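Each residue of the sequence shown is one higher than the last, beginning at -10 in our numbering. Don't be surprised by glycine CBs; every beta carbon is placed ideally from N, CA and C. Here the structure is a predicted model, which means the values were calculated and not measured. One structure is given below, encoded as structure tokens.
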Amino acid sequence: MLPPFKNEPLTNFNDPAQRAAFEDALKLVKSRFGEKIPLVIGGERIYTDDTIKDTCPANPDVVMAYVSKGAKEHALLAIRTADRVFQTWKYYDPDARARILLRAAALMRRRKHEFSATMVYEIGKNWMEADADTAEAIDFLEFYAREMMRLHERQPVVDYPGEENNLYYIPLGVGAVIPPWNFPNAIMTGMTSASMVTGNTVILKPASITPVIAYRFFEILEEAGMPAGVVNYLPGPGGAIGDTIVDHRLTRFIAFTGSMEIGQRIFQRAAKVQRGQLWLKRTILEMGGKDAILVDDDADLDFASEQIVISAFGFQGQKCSACSRLIIHEKVYDTLLEKVVERVKKIKTGDTENFENWHGPVSDGGAYEKILEYIEIGKKEGRLVAGGNKAGFPGWFIEPTVIADVAPTARIMQEEIFGPVLAVCKVKNFDEGLKVFNNTIFGLTGAYFGKRRDRIERVRREAYCGNLYINRKCTGALVGVQPFGGFNMSGTDSKAGGRDYLQLFLQAKSVTERF
Ligand code: NAP
């Protein structure tokens, strides 16, 4: 029997042996720099002349890999292939499908540091963030394997005399899996494994700045025994091949995580029924956030400041769950702000290849420019109290930045910046604070620091977001423990890592036999 699901433990980097093992993994990943990576469609490796030059954000002159770039014809081939393979994969025993995930989890666990080290170079995660990302990917594999086995069991229906009644969960068809770059292992692995373990076939289009980690995962699936063509690895610019995949009549569902703009675009395009299309496409769209932490006048300010800084600046603020709005009761505003600024000034920014650097580069040149522009906007909308500058060369480094005295309606309080920028707003009382907390088009995560029971209960009820935390940071949801996903413009209300998630990739069939 399979042991119950348990979250993957994080690595203790205080242990010199673990540090040394991680250094070895960094060396291994570095030794592959400049490698050529193919597309893989139906098990066939295809090398294109035109490639994605995958560079390191800490040093954009360093090319990690030349990744083959899928064009329209590859997208069409991948869809046709996935459709063909679906005709057999849909009947593959669900428990056997689950076992491919369990084997993949075991393989990733054995090469854990190598996966994490890949993210250190490819997207600038620090060691702990990269380690947590890999642990979450393993969790998704383990969790969804068990979930598929549960859904494959006999489902409870009411007995009816003279008949046998059953309800079966069956797959949907060909799915487009379009993940973001910010949890390039965890989210990509989660969305892909959920799609395939449920019996669907997949076009996996990784984010264009993190295709290497996705390829490493794909290789693991092959090693774990996934039949050719169940997942098809198709890197390529979303702007060029995204519409082709989303629009195609054979695409049955789209699982996307990324920005609100692209999520809305996919939602609209998927709604159009194409000639010859037999279904309404299903969309599972996880989008942006503008997450707030509300601090009341009786909060433990030392603890809150520590948790705020981790929430706002972990992985350079590039988490959908990152705290980007800090709302403080006026009675403790000055004291808490000072503590936050003091703590921010201690953060070490630099190349995360070096364990000592907690705060790395932002993702790429485009994000770098956009974040710096928002800092300029912020300087006009409030008072710069920490950071505000570029932070050294040659990478995309920006100082962790705090802008105080910002109005609730300011652009930096409303628009997702997706970088190390925290806007701080003062409120007169708890009621006003809650109002500001909810004053957003998003609704992903949030946190409240305070001690009064009546207020905590009101926050539990009235704070409108998918993942709410009381007296702790607003990042770091664990698979199975805090199923993850947001409301309103943060997405289609799904909960990754929860018991409802796999049903989004399935349809239920009721079968009655009369004897
Ligand atoms: P993004 O720019 O929207 O890209 C996400 C994915 O969509 C990428 O694979 C991208 O490919 C692809 N894409 C781009 N244009 C497309 C099109 N026209 N059709 C189909 N696909 C297309 O987002 P990102 O910058 O990677 O990720 C950051 C965003 O993700 C933030 O807004 C963050 O809040 C959100 N996020 C949300 C969650 C959640 O659970 N709600 C979790 C993590 C991140 P290319 O890379 O080739 O452009």
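Problem set entry | Burial state of Asp120 (16 or more Cβ within 10 Å) | Start at 1 with the first residue of the sequence shown, and residue 120 comes out as number 131. So Asp120 counts as buried.
For this session: Indicate, with yes or no, if ligand 1 has a heavy atom lying under 7 Å from the CB of Thr514.
Result: Because residue 514 is not part of the residues shown, which for the chain are -10 to 504, the question remains open.
Exercise. The beta strand (DSSP E) with Ser313 in it runs from where to where?
Worked result: Translated into positions along the sequence shown, residue 313 becomes position 324. That run of the beta strand (DSSP E) goes 312 to 318.
Problem set entry | Closest by C-alpha distance to Pro195, when choosing among Val410, Glu125, Met180, Tyr363 | Numbered from its first residue, the sequence shown carries residue 195 at position 206. Considering only alpha carbons, the answer is Met180.
Exercise. So who's on the other strand from Ile41, going by DSSP bridges?
Worked result: What you label residue 41 is simply residue 52 of the sequence shown in a count that begins at 1. In DSSP, Ile41 forms a bridge with Val56.
Exercise. Regarding Met276 and ligand 3, is the C-beta to nearest heavy atom distance less than 7 Å?
Worked result: Within the structure as shown, ligand 3 is missing, the only ligands being ligand 1.
Exercise. Would Arg314 be called buried (16 or more neighbouring beta carbons within 10 Å of its own) or exposed?
Worked result: Along the sequence shown, one-based indexing puts residue 314 at 325. Label assigned to Arg314: buried.
Exercise. When the Cα atoms are used, what is the spatial distance from Phe245 to Glu451?
Worked result: The count along the sequence shown starts at 1 and reaches residue 245 at position 256. The count along the sequence shown starts at 1 and reaches residue 451 at position 462. Distance between the alpha carbons of Phe245 and Glu451 is about 28 Å.
Exercise. Taking C-beta to C-beta, are Glu342 and Val146 nearer than 8 Å?
Worked result: Residue numbering aside, residue 342 sits at position 353 when the sequence shown is read from its first letter. Residue numbering aside, residue 146 sits at position 157 when the sequence shown is read from its first letter. The answer is no: Cβ separation not under 8 Å.
Exercise. Does DSSP classify Ala213 as helix, strand or coil?
Worked result: Reading the sequence shown from its first residue, position 224 is the one you call residue 213. Three-state result, Ala213: coil.
For this session: To the nearest angstrom, report how far apart Leu326 and Met177 are at their CA atoms.
Result: Counted from its first residue, the sequence shown places residue 326 at position 337. Counted from its first residue, the sequence shown places residue 177 at position 188. When rounded, the separation of the alpha-carbon atoms in Leu326 and Met177 is 36 Å.
For this session: Please name the residue, chosen from Met215, Trp116, Lys415, Tyr158, that lies closest to Thr545 on a Cα-to-Cα basis.
Result: What is shown of the chain runs -10 to 504, which leaves residue 545 out entirely.
Exercise. Near Asn346, what residues of its chain come up, given a Cβ to Cβ distance below 8 Å and the 5 sequence neighbours on each side ignored?
Worked result: In the sequence shown, the residue the question calls residue 346 occupies position 357. Correct list, in chain order: Asn115, Lys337, Thr338, Gly339, Asp340.
Problem set entry | Pairwise C-alpha distance: Gly432 and Asp287 | What you label residue 287 is simply residue 298 of the sequence shown in a count that begins at 1. What you label residue 432 is simply residue 443 of the sequence shown in a count that begins at 1. The straight-line gap from Cα to Cα measures roughly 25 Å.
Exercise. How is Glu421 classed by DSSP in three states: helix, strand or coil?
Worked result: Along the sequence shown, read from residue 1 onward, the residue named residue 421 stands at position 432. In the structure shown, Glu421 sits in a helix (DSSP, three-state: H, G or I).
Exercise. Does the region 156 to 170 touch the region 93 to 106, meaning 3 or more C-beta pairs lie closer than 8 Å?
Worked result: With contact defined as three or more Cβ pairs closer than 8 Å, the region 93 to 106 and the region 156 to 170 are not in contact.
Problem set entry | CB contact flag (Gly408, Gly278, <8 Å) | Locating residue 408 in the sequence shown gives position 419, counting from the first residue. Locating residue 278 in the sequence shown gives position 289, counting from the first residue. With a cutoff of 8 Å on beta-carbon distance, Gly408 and Gly278 are scored as not near each other.
Problem set entry | Status (buried if at least 16 other CB within 10 Å, exposed otherwise) for Thr501 | Working through the sequence shown from its first residue, we reach residue 501 at position 512. Exposed.
Exercise. By Cβ distance below 6 Å, which residues in the same chain neighbour Asn134 in space, the five residues on each side in sequence not counted?
Worked result: The residue given as residue 134 occupies position 145 in the sequence shown. Per the sequence shown, the amino acid found at residue 134 is Ala instead of Asn. If we look at Ala134 and ignore the five residues flanking it on each side, its Cβ neighbours are Ala87, Leu90, Leu91.
Problem set entry | Alpha-carbon spacing of Gly435 relative to Met137, whole angstroms | For this step, residue 435 is matched to residue 446 along the sequence shown. For this step, residue 137 is matched to residue 148 along the sequence shown. C-alpha separation (whole angstroms): 30 Å.
Exercise. Okay, do the region 17 to 29 and the region 54 to 71 touch, 3+ Cβ pairs below 8 Å being the bar?
Worked result: In short, these stretches touch, since the Cβ pair count reaches three.
Exercise. Going by C-alpha distance, which of Ala71, Gly465, Gly231 is nearest Gly164?
Worked result: The residue labelled residue 164 in the question sits at position 175 within the sequence shown. Per the Cα distances, Ala71.
Exercise. If you draw a straight line from the C-alpha of Val262 to the C-alpha of Thr233, how long is it?
Worked result: Translated into the one-based positions of the sequence shown, residue 262 becomes position 273. Translated into the one-based positions of the sequence shown, residue 233 becomes position 244. Rounded to whole angstroms, Val262 to Thr233 spans 14 Å at the Cα level.
Exercise. If you draw a straight line from the alpha carbon of Leu411 to that of Cys312, how long is it in whole angstroms?
Worked result: In the sequence shown, residue 411 corresponds to position 422, counting from 1. In the sequence shown, residue 312 corresponds to position 323, counting from 1. A straight-line Cα-Cα distance of about 7 Å links Leu411 and Cys312.
For this session: Indicate, with yes or no, if ligand 1 has a heavy atom lying under 7 Å from the CB of Trp170.
Result: Taking the first residue of the sequence shown as 1, we reach residue 170 at position 181. Under cutoff, so the answer is yes.
For this session: Tell me whether Thr123 is buried or exposed, calling it buried when 16 or more other Cβ atoms sit within 10 Å of its Cβ.
Result: To locate residue 123, count along the sequence shown from 1; it is residue 134. Taking all protein chains shown into account, Thr123 has 16 or more neighbouring C-beta atoms within 10 Å of its C-beta and is therefore buried.
For this session: Spell out a yes or no on whether the region 181 to 189 and the region 481 to 499 are touching, meaning 3 or more CB-CB pairs, one atom from each, closer than 8 Å.
Result: Contact holds: three or more Cβ-Cβ distances are below 8 Å.
For this session: Taking Pro(-8) as the reference, give the member of Phe132, Ala6, Lys42 with the closest Cα.
Result: Taking the sequence shown and counting its residues from 1, one reaches residue -8 at position 3. In terms of Cα proximity to Pro(-8), the closest of Phe132, Ala6, Lys42 is Phe132.
Problem set entry | Contact the region 37 to 49 vs the region 346 to 356: 3+ CB pairs below 8 Å | Taking a cut-off of 8 Å on C-beta distances, the region 37 to 49 touches the region 346 to 356, as three or more cross pairs fall below it.
For this session: Specify the secondary structure class of Ser510 as computed by DSSP and reduced to three states.
Result: Residue 510 lies beyond the stretch modelled for the chain, which goes from -10 to 504, so this question has no answer here.
Problem set entry | Completely contained beta strand (DSSP E) runs for the region 242 to 306, where each covers 3 or more residues | If we require 3 residues or more, the beta strand (DSSP E) runs fully inside the region 242 to 306 come out as 271 to 275, 280 to 284.
Problem set entry | Thr246 CB to nearest heavy atom of ligand 1 below 7 Å | Here residue 246 corresponds to residue number 257 of the sequence shown, with the count starting at 1. Answer for Thr246: yes, Cβ within range of ligand 1.
Exercise. So what does DSSP say about Val448, is it helix, strand or coil?
Worked result: Against the sequence shown, residue 448 aligns to sequence position 459. Helix.
For this session: Specify whether the region 210 to 220 and the region 73 to 84 touch according to this definition: at least 3 beta carbon pairs, one from each stretch, less than 8 Å apart.
Result: Here the region 210 to 220 lies against the region 73 to 84, with 3 or more beta-carbon pairs under 8 Å apart.
Exercise. In three-state terms, what does DSSP make of Gly438?
Worked result: Taking the first residue of the sequence shown as position 1, residue 438 is located at position 449. Going by the sequence as given, residue 438 is Phe instead of Gly. In the three-state reduction of the DSSP assignment, Phe438 falls in the strand class.
For this session: Give a yes or no on contact between the region 264 to 284 and the region 417 to 433, applying the rule of three or more CB pairs nearer than 8 Å.
Result: With the cut-off at 8 Å, the region 264 to 284 and the region 417 to 433 touch.
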